[in-house]
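Asker:
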Amino acid sequence: MKKIITVLSIFLLLTGVEAFAQKQNILTNNQLVIIANHTGPVISKDIYGHFSEHLGACIYGGIWVGEDSKIPNTDGIRNDVINALRDIKIPNLRWPGGCFADTYHWKDGIGPKEKRASIVNTNWGGVTEDNSFGTHEFMKLTELIGCEAYINGNVGTGTPREMAEWIEYLTSDAESPMTILRKQNGRKDPWKVKYFAIGNENWGCGGNMTAEFYANVMKQYSTYLGNYSGNQLYKVACGPYGADVKWTETLMKEGWTRGMFQGMSIHYYTWVDGWSYRGSATKFNEREWFETFRLNLEIGNIIKGHKAIMDRYDPDKTKGLVVDEWGNWYNVEPGTNENFLYQQNSLRDAITAAIHLNIFNLNADRVKVANLAQMVNVLQSVILTNGDKMILTPTYHVFRMFKVHQEAQLLNIDIKCEDYAFSDKKIPAISASASIDKEGKIHISLANLNPKKDITITCPVVGDNYSKVTGEVLTASEMNAFNSFENPEAVKPVSFNGCKLNGGILTINMPSKSVVVLELTK
Ligand code: AHR
Numbered sequence: 002m003k004k005i006i007t008v009l010s011i012f013l014l015l016t017g018v019e020a021f022a023q024k025q026n027i028l029t030n031n032q033l034v035i036i037a038n039h040t041g042p043v044i045s046k047d048i049y050g051h052f053s054e055h056l057g058a059c060i061y062g063g064i065w066v067g068e069d070s071k072i073p074n075t076d077g078i079r080n081d082v083i084n085a086l087r088d089i090k091i092p093n094l095r096w097p098g099g100c101f102a103d104t105y106h107w108k109d110g111i112g113p114k115e116k117r118a119s120i121v122n123t124n125w126g127g128v129t130e131d132n133s134f135g136t137h138e139f140m141k142l143t144e145l146i147g148c149e150a151y152i153n154g155n156v157g158t159g160t161p162r163e164m165a166e167w168i169e170y171l172t173s174d175a176e177s178p179m180t181i182l183r184k185q186n187g188r189k190d191p192w193k194v195k196y197f198a199i200g201n202e203n204w205g206c207g208g209n210m211t212a213e214f215y216a217n218v219m220k221q222y223s224t225y226l227g228n229y230s231g232n233q234l235y236k237v238a239c240g241p242y243g244a245d246v247k248w249t250e251t252l253m254k255e256g257w258t259r260g261m262f263q264g265m266s267i268h269y270y271t272w273v274d275g276w277s278y279r280g281s282a283t284k285f286n287e288r289e290w291f292e293t294f295r296l297n298l299e300i301g302n303i304i305k306g307h308k309a310i311m312d313r314y315d316p317d318k319t320k321g322l323v324v325d326e327w328g329n330w331y332n333v334e335p336g337t338n339e340n341f342l343y344q345q346n347s348l349r350d351a352i353t354a355a356i357h358l359n360i361f362n363l364n365a366d367r368v369k370v371a372n373l374a375q376m377v378n379v380l381q382s383v384i385l386t387n388g389d390k391m392i393l394t395p396t397y398h399v400f401r402m403f404k405v406h407q408e409a410q411l412l413n414i415d416i417k418c419e420d421y422a423f424s425d426k427k428i429p430a431i432s433a434s435a436s437i438d439k440e441g442k443i444h445i446s447l448a449n450l451n452p453k454k455d456i457t458i459t460c461p462v463v464g465d466n467y468s469k470v471t472g473e474v475l476t477a478s479e480m481n482a483f484n485s486f487e488n489p490e491a492v493k494p495v496s497f498n499g500c501k502l503n504g505g506i507l508t509i510n511m512p513s514k515s516v517v518v519l520e521l522t523k
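All residue numbers for the sequence shown refer to this note's numbering, where the first residue is 2 and numbers rise by one.
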């Protein structure tokens with residue numbers, strides 16, 4: 002074996018990139034080839050973004066507790082949550098929805114709190130929304146976390162004027178009714194807003210529009226979204242759900258020439274047994290484990306389909322694909338409000354995160370932003386709270402392990418691995434991606450989807466000499482291991498000693514059901 006690998010690495014070294022495309026034929030099973038000097042596009046840090054909607058206990062309780070709370074806070078925002086989010090280097094945060102965004106009128110959420118309008122959150126349980134968390138509080142949150150703001154505007158029940166004024170209120174330095182209002186509300190300087198979405202799911206909760214109708218409306222709204230005082234908006238047009246490439250075609254055709262948007266969103270959730278019965282987050286069998294990953298992997302095909310259309314209209318790749326809602330969606334935890342979408346998070350979700358993030362990395366040429374749904378207490382969260390307690394989920398740990406890829410250059414790896422089969426279906430057992438950072442460190446992120454089998458991967462690293470490898474592994478003895486308030490550290494990463502690097506050949510013993518991130522240095 003060693004001989005074959007040595008021959009392979011010499012061959013790759015000598016022939017370089019030309020051999021890259023043909024090497025599958027000479028690879029044996031469970032091999033990953035990394036050519037250190039064969040780089041791809043920069044991995045946008047914004048692929049590691051998050052999403053916070055006015056839904057259940059995401060904002061209220063999960064993030065916002067108010068200035069008078071006994072829970073330690075900064076201007077009403079929980080300190081424990083801020084610190085945890087800083088640790089995973091959240092690059093951008095999307096707010097206020099989701100479906101809520103297309104019923105949200107931003108002026109309800111500014112000014113003295115006692116004067117703010119109380120409204121009914123019609124999308125999520127008909128609960129009272131007192132608007133105590135609004136524009137100023139969200140922008141404060143982004144400052145405290147140190148991330149970019151991604152604001153989702155209201156097309157469904159809003160007006161072009163309302164949306165245009167929001168941007169002016171947020172970003173303009175000029176003298177105008179909106180900036181005077183902002184100053185009266187205590188904020189002298191404008192903020193910077195990087196991302197702004199023109200509606201959410203406008204084919205559904207955002208107005209049930211056709212693609213043609215939405216494309217026209219989007220252009221109307223977009224026309225009035227100004228770039229004030231040096232702020233440069235990256236406007237995100239609402240794209241389709243999943244693989245609906247016809248919507249993408251319509252939008253690309255309509256929005257291209259006049260530069261009406263810089264990114265197009267897509268949403269994709271995994272519902273194990275379909276929408277009507279989505280299964281439990283923690284009580285599941287191997288069939289559900291397998292199906293989750295089979296469906297997760299579909300995001301790769303979905304991206305491929307949209308990329309093909311986008312490449313036709315935009316061969317220079319000036320427009321980004323924005324996967325601004327993704328993740329596993331289960332039945333809610335027993336005894337909790339069905340409309341609050343509160344679910345636990347297990348090792349299965351950690352592997353789901355690894356699969357998605359690897360796929361986003363591999364598509365870094367087109368995927369520029371992605372946002373996990375959602376950040377705290379809703380769907381596949383990175384954080385769960387209960388009163389003054391907070392726990393970090395297995396998904397959180399994957400985001401922390403993968404942050405090394407942010408703004409690094411993708412490495413064009415190639416992998417040949419065994420299948421993980423269940424019943425009459427099979428999927429690749431290993432998910433992987435790699436990048437090289439500004440200091441020349443290589444990071445390889447891998448997941449073994451097979452819950453019953455350790456897999457040894459041999460990995461020639463050619464094109465440069467690396468001599469040291471370190472890493473972390475996230476795994477557990479049970480597929481459904483999760484962190485609870487009673488046992489908050491049941492699933493957490495530990496240092497990985499299952500790999501060695503000798504003579505340019507990396508050997509990785511991937512434990513069954515695990516996520517591993519490795520760092521290679523010279
Ligand atoms: O994330 C929950 C909901 O899922 C969002 O509000 C909506 O955009 C999507 O359908």
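Note that beta-carbon positions come from the ideal geometry of N, C-alpha and C, so glycine has one too. On a predicted model such as this, the values are computed, not experimentally measured, just so you know.
#1: Could you check whether the Cβ of residue 435 sits closer than 7 Å to any heavy atom belonging to ligand 1?
#2: Taking the straight line between their C-alpha atoms, what separation do you get for residue 303 and residue 328?
#3: What does DSSP give as the partner residue(s) for residue 70 in the beta ladder?
#4: In angstroms, rounded to a whole number, what distance separates the CA positions of residue 105 and residue 186?
#5: Is the beta carbon of residue 310 sitting closer than 8 Å to the one on residue 211?
#6: With H, G and I counted as helix, E and B as strand and the rest as coil, what does DSSP make of residue 159?
#7: Taking DSSP's pairing of strands, which residues face residue 56 in a bridge?
#8: Around the Cβ of residue 495, are there at least 16 other Cβ atoms within 10 angstroms (buried) or fewer (exposed)?
#9: Measuring CA to CA, which of 217, 61, 364, 85 is closest to residue 398?
#10: Classify residue 233 as buried or exposed, calling it buried when 16 or more other Cβ atoms lie within 10 Å of its own Cβ.
#11: So residue 123 is in the beta strand (DSSP E); what residue range does that whole segment cover?
#12: Kindly identify the DSSP beta-bridge partner or partners of residue 107.
#13: Mind checking whether residue 157 and residue 207 have CB atoms under 8 Å apart?
#14: For residue 181, is the classification buried or exposed, using 16 other Cβ atoms within 10 angstroms of its Cβ as the cut-off for buried?
#15: For the alpha helix (DSSP H) containing residue 32, name the first residue and the last one.
#16: Going along the chain, which residues of its own chain have a beta-carbon closer than 6 Å to the beta-carbon of residue 451, five neighbours each way excluded?
#17: On the DSSP letters alone, give me the boundaries of the alpha helix (DSSP H) that residue 311 sits inside.
#18: Could you check the C-alpha separation between residue 170 and residue 228 for me, to the nearest Å?
#19: For residue 503, count neighbouring Cβ atoms within 10 angstroms of its own Cβ and tell me buried if that reaches 16, exposed if not.
#20: How many whole angstroms separate the CB atoms of residue 370 and residue 53, which I take to be in contact at a CB cut-off of 8 Å?
#21: Using the beta-carbon count (16 or more within 10 Å), is residue 278 buried or exposed?
#22: So the candidates are 341, 326, 141, 500; which of them puts its Cα closest to the Cα of residue 265?
#23: Verify whether the separation of the beta carbon atoms of residue 269 and residue 240 is less than 8 Å.
#24: If I measure Cβ to Cβ from residue 521 and keep anything under 8 Å in the same chain, skipping five residues before and after, which residues do I get?
#25: Terminal residues of the continuous beta strand (DSSP E) containing residue 80?
#26: Within 10 angstroms of the Cβ of residue 123, are there 16 or more other Cβ atoms? Answer buried if so, exposed if not.
#27: Using 8 Å as the threshold, is the C-beta distance between residue 474 and residue 517 below it?
#28: Can you give me the C-alpha to C-alpha distance between residue 1 and residue 159, rounded to a whole angstrom?
#29: Measure the C-alpha to C-alpha separation of residue 55 and residue 314 and round it to an integer number of angstroms.
Answerer: Taking the structure as given:
#1: Position 434 of the sequence shown, counted from the first residue, corresponds to residue 435. For ligand 1, not one heavy atom lies less than 7 Å from the Cβ of residue 435.
#2: As a working mapping, residue 303 is identified with position 302 in the sequence shown. As a working mapping, residue 328 is identified with position 327 in the sequence shown. Distance between the alpha carbons of residue 303 and residue 328 is about 14 Å.
#3: Taking the sequence shown and counting its residues from 1, one reaches residue 70 at position 69. Partner(s): none; residue 70 has no beta bridge.
#4: As a first step, residue 105 is located in the sequence shown; it is residue number 104 there, counting from the start. As a first step, residue 186 is located in the sequence shown; it is residue number 185 there, counting from the start. Rounded to the nearest angstrom, the two C-alpha atoms are 19 Å apart.
#5: The residue labelled residue 310 in the question sits at position 309 within the sequence shown. The residue labelled residue 211 in the question sits at position 210 within the sequence shown. Their beta carbons are not under 8 Å apart, which means residue 310 does not touch residue 211 by this criterion.
#6: Here the question's residue 159 lines up with position 158 in the sequence shown. DSSP places residue 159 in coil when its eight states are reduced to three.
#7: Position 55 of the sequence shown holds residue 56. The partner list for residue 56 (beta bridge, DSSP) is empty, contrary to what the question assumes.
#8: Translated into positions along the sequence shown, residue 495 becomes position 494. It is exposed - the Cβ of residue 495 has fewer than 16 other Cβ atoms within 10 Å.
#9: Within the sequence shown, numbered from 1, the residue matching residue 398 stands at position 397. The candidate whose alpha carbon is nearest that of residue 398 is 85.
#10: Numbered from its first residue, the sequence shown carries residue 233 at position 232. Its Cβ having fewer than 16 others within 10 Å, residue 233 is exposed.
#11: Along the sequence shown, read from residue 1 onward, the residue named residue 123 stands at position 122. Here residue 123 belongs to no beta strand (DSSP E), and DSSP marks it neither H nor E.
#12: Numbered from its first residue, the sequence shown carries residue 107 at position 106. The partner list for residue 107 (beta bridge, DSSP) is empty, contrary to what the question assumes.
#13: Along the sequence shown, one-based indexing puts residue 157 at 156. Along the sequence shown, one-based indexing puts residue 207 at 206. A contact, by the Cβ cut-off of 8 Å.
#14: Translated into positions along the sequence shown, residue 181 becomes position 180. With fewer than 16 other Cβ atoms within 10 Å, it is exposed.
#15: Counted from its first residue, the sequence shown places residue 32 at position 31. Unbroken run through residue 32 is the beta strand (DSSP E), 32–36; no alpha helix (DSSP H).
#16: Sequence index remark: in the sequence shown, residue 451 carries index 450 (1-based). So the list reads 421, 430, 513, once near-sequence residues are dropped.
#17: For the purposes of this step, residue 311 is identified with residue 310 of the sequence shown, where counting begins at 1. Segment 287–314, the alpha helix (DSSP H) holding residue 311.
#18: Counted from its first residue, the sequence shown places residue 170 at position 169. Counted from its first residue, the sequence shown places residue 228 at position 227. If I take the Cα positions, the gap works out to 12 Å.
#19: Stepping through the sequence shown from its first residue, residue 503 is reached at position 502. Exposed, by the Cβ-count rule.
#20: Position 369 of the sequence shown, counted from the first residue, corresponds to residue 370. Position 52 of the sequence shown, counted from the first residue, corresponds to residue 53. Contact flag wrong, Cβ pair sits at about 15 Å.
#21: Taking the sequence shown and counting its residues from 1, one reaches residue 278 at position 277. So residue 278 ends up on the exposed side.
#22: Walking along the sequence shown from the start, residue 265 turns up at place 264. With distances taken between Cα atoms, residue 265 lies closest to 326.
#23: Stepping through the sequence shown from its first residue, residue 269 is reached at position 268. Stepping through the sequence shown from its first residue, residue 240 is reached at position 239. Their beta carbons are not under 8 Å apart, which means residue 269 does not touch residue 240 by this criterion.
#24: Taking the sequence shown and counting its residues from 1, one reaches residue 521 at position 520. These residues qualify, in order along the chain: 442, 443, 444, 445, 462, 467, 469, 470, 502, 507.
#25: Counting from 1 along the sequence shown, the entry for residue 80 is found at position 79. It is not in any beta strand (DSSP E) - residue 80 instead sits in the alpha helix (DSSP H) that spans 80–88.
#26: For this step, residue 123 is matched to residue 122 along the sequence shown. The residue is exposed, with fewer than 16 neighbouring Cβ atoms inside 10 Å.
#27: Residue numbering aside, residue 474 sits at position 473 when the sequence shown is read from its first letter. Residue numbering aside, residue 517 sits at position 516 when the sequence shown is read from its first letter. Closer than 8 Å, so yes.
#28: Coverage of the chain is limited to positions 2 through 523, which leaves residue 1 absent and any answer about it impossible.
#29: Residue mapping note: residue 55 aligns to position 54 of the sequence shown, counting from 1. Residue mapping note: residue 314 aligns to position 313 of the sequence shown, counting from 1. Using only the alpha carbons, I get a separation of about 36 Å.
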